[in-house]
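According to mature numbering (1 follows the signal peptide of the UniProt record, and there is no 0), the residues represented by the sequence shown are -18 to -1, 1 to 549, in order.
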Amino acid sequence: MGPLSLVLLLLSAQWSCAQEDPLLPFSEHLDPEHNVRLKWGFDEIQGTILFELTVNTSGWVGFGFSPKGGMTGADIVIGGFGPKGSYFTDRHAVGNSLPVVDQQQNYKLLYITESDGKTVMKFQRSVESCDDNDLSITNLPIKLIYAYGQSDDIEYHKSRRGTKEVNLLKYMPRVTPPNSKYFDMTMVNFSVPATQTYYHCKIMKAPTFDRKQHIYRIEPFITNLDLVHHALLYRCPPSVTVPLEAQCYTQLSINECMETTAVWGVGGGAFELPEMAGLPIGGNVGDVFYRLEVHYNNPNKSAGRVDSSGLRFYYTPELRQHDAAVLGTGLVVAAGYAIPPKAKSFHTYGLCDTAYIPKVLETPNDLQVFSVMMHTHLTGRKVRVGHFREGKQIDFLAADENYDFEYQEVTNLGQTKTVKLGDKLLVECTYNTENRTKLTWGGLSTSEEMCLAFLFYYPAMNLSGCMSFPNVTTLRSEMGSPNQSAWLTMMNNMTWNDTSINQYQQTLKKIDQLVIIADSFKNMSRNTGMIPDLKVIPSAPCMRSGCAIKSLALISLLLCLAVHWAY
């Protein structure tokens, strides 16, 4: 490849990256004049965070984190592209003077470019502090500071500086799109039964729009926080044409509405989609019905309670680049398996094998996953979603090592992860039942258990679920009790200790699984699969800057192309 071809390819790749970089889904202008724009993404599994800073200058640029918003104690990088090439250093400030170069260079420069009066600097660091001169990035808002000069002589920056507080790891945009409005889908004065667990469903029409809109934000609208455990909204197929309100899963039309559109769990707040995607509603699709499902957890069996809980949807006619959707993965909710009592750390598994998706969809796509909500009940302690390709684990799609039933929320992954058709996703849930004396069965009740992960992805497909369930015939046979009644008796009378718990867990894991793929119209594909081994991927060590980048154009090209080809 000649020099001209290389330059043309580089320019083409840079233009392509400018349109959408799945590793940098979030962005904020740090100054009112929009001269400084920060884009970022992170990988909580690997413990790294990636930044791209674009500044309207041909001089030096500085960026950092400050304890109080000023220079003193700040963790700073300064870089640019001068007459001798690029420069980039990790520094710290001890006062209102030139920041001191750190002995440990813990930021990794990926590239710097300068053209048309703009400097673009892309770099990476660890989320955690790497030395005493670095500041850790946490789930709390952090004060970002910036400065830049008009030349490459680093000097006092006068008015070309500023501070902005941003929650990098729990980011939610604060800009309301043009013509933004909202609608509610809720129960209305529903009398909650005096029973411990009750699922109520309401099938209703969504608002009608002449052309497609994008839902960009979902808020819980909860009137009884002590009663409402979760709220789900499902889209119904065209066969559902009349409204209905009844106990869930008792009538045919309720069971037909299974395409998840929105999820909320106890303790969760509002969820805002990243700017490249929105949940579609309206357009030339006729009247569409949705099923609102509210789970009422009423352990005191209180009578006379009235509830009007549901969800609020903010939408805009300014369409985003992609239609988004939600896919349910994990373990089918049913009573064919049990979690033994006295278990310190018991695992269950739900397998999604995307190789079977073409059996229910004519033109399936890869899934670009950007957010996830993980869900268990009271004994859940950890949830992990392993990602496998060609028989090997390549990543964790998501992981919550400290799952808390009281705080369930949809969380951004920090970057967009590609699940290719043929990949497998393994949802692993870890439970602790040391304080229980009886079996805990899979089921709908809060005292029973689930193991689910709802994946927010684009482009939208007519999918509702990709889950699995242990082959109960094989399970009973392996445990020496092929008869259902005898097996239940054996399970209930078992002396559960570390040995028997481990044997049962290993049996559940090694037997064949029934893998089910369901589309939006309740068409299903039933297949078999085996649970792969899930291994912990260690976090990346602290970033260390390497030698100077000598071939900037080539490295920029490779990095940009890697964004699109990494998966």
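Backbone N, C-alpha and C define an ideal beta-carbon position, used for all residues, glycine too.
For residue i, the three-state DSSP class (helix, strand or coil)
i              : result
lysine 50      : coil
threonine 398  : strand
arginine 302   : coil
asparagine 474 : helix
tyrosine 389   : coil
glutamine 229  : strand
isoleucine 200 : strand
tyrosine 486   : helix
proline 262    : strand
threonine 419  : coil
serine 467     : helix
alanine 337    : helix
lysine 324     : coil
threonine 481  : helix
glycine 528    : Summary for glycine 528: the model assigns pLDDT 47, below 50, so the residue's position carries little reliability; its value from the coordinates is reported in the next sentence. DSSP places glycine 528 in coil when its eight states are reduced to three.
lysine 492     : helix
methionine 169 : coil
cysteine -2    : With a pLDDT of 39 at cysteine -2, under the threshold of 50, the modelled position of that residue is not reliable, and the figure given next carries that caveat. Cysteine -2 falls in the helix class under three-state DSSP.
Residues near residue i by beta carbon distance below 6 Å, same chain, minus five either side
i                : result
glycine 528      : For glycine 528, the predicted structure reports a pLDDT of 47, less than 50, and the residue's modelled location is therefore unreliable. A value from the coordinates is still provided. Hits under 6 Å: none found.
phenylalanine 24 : Ile31, Gly396
tyrosine 389     : Gly249
tyrosine 319     : Gly424, Pro452
aspartate 386    : none
glycine 77       : Thr54
leucine 313      : Thr330, Gly332, Cys433
arginine 143     : Ala129
methionine 154   : Glu254
glycine 511      : Leu333, Asp335, Gln495, Val497
Closest Cα partner of residue i within the set the options
i              : options                        : result
alanine 75     : Gln87, Ile94, Gln86, Gly55     : Gly55
aspartate 208  : Ser284, Tyr153, Glu257         : Ser284
aspartate 515  : Ile483, Pro464, Val392, Gly373 : Gly373
threonine 71   : Trp42, Asn280, Glu300          : Trp42
lysine 364     : Asn414, Asn78, Leu343          : Asn414
proline 175    : Asp494, Leu215, Ile136, Tyr278 : Tyr278
proline 299    : Tyr198, Glu344, Thr398         : Tyr198
serine 152     : Ser353, Gln28, Met432, Arg458  : Inspection of the sequence shows that residue 152 is occupied by lysine rather than by serine. With distances taken between Cα atoms, lysine 152 lies closest to Ser353.
valine 454     : Thr428, Leu426, Leu490         : Leu490
lysine 184     : Pro65, His304, Ser118, Arg273  : Arg273
glutamate 241  : Gly247, Cys433, Val222, Asp116 : Val222
asparagine 161 : Tyr138, Tyr180, Gln195, Cys411 : Gln195
glycine 404    : Ala381, Pro346, Gly447         : Pro346
tyrosine 486   : Pro281, Pro14, Lys90, Phe328   : Phe328
valine 82      : Tyr181, Glu10, Ala337, Met53   : Met53
threonine 400  : Pro441, Thr412, Asn384         : Pro441
valine 224     : Tyr181, Ile236, Leu214         : Ile236
glycine 29     : Thr120, Ser429, Pro4           : Thr120
Any non-hydrogen atom of the ligand MN within 8 Å of residue i CB
i             : result
glutamate 388 : With respect to the ligand MN, the structure offers nothing, as it holds no ligand at all.
Assigned exposure category for residue i - 16 Cβ within 10 Å defines buried
i             : result
leucine 536   : Here the model assigns leucine 536 a pLDDT of 37, short of 50, so the residue's position is not dependable and the matter cannot be decided.
threonine 358 : buried
aspartate 289 : buried
glutamate 96  : buried
threonine 311 : buried
arginine 107  : buried
aspartate 84  : buried
lysine 104    : buried
residue 634   : Shown here, the chain extends from -18 to 549; a query on residue 634 therefore has no answer.
Start and end residues, beta strand (DSSP E) containing residue i
i              : result
leucine 360    : It is not in any beta strand (DSSP E) - leucine 360 carries neither H nor E in the DSSP assignment.
glutamate 96   : 90 to 97
asparagine 279 : 271 to 279
histidine 212  : 210 to 217
residue 551    : The requested residue 551 does not occur in the structure, where the chain is confined to residues -18 to 549.
glutamate 241  : 241 to 247
glutamate 110  : First-last for glutamate 110: undefined, no H or E at that position.
valine 59      : 57 to 64
Proximal residues to residue i (C-beta, below 7 Å), its chain only, five neighbours per side dropped
i             : result
leucine 6     : Lys21, Trp22, Gly23, Leu32, Glu34
aspartate 116 : Asp57, Asn88
Own chain partners of residue i with C-beta closer than 8 Å, once the 5 adjacent residues on each side are dropped
i           : result
residue 551 : Because the chain is modelled from -18 through 549, residue 551 falls outside the range shown and cannot be assessed.
Residue interval of the alpha helix (DSSP H) (run including residue i)
i              : result
asparagine 237 : 234 to 238
arginine 458   : 454 to 460
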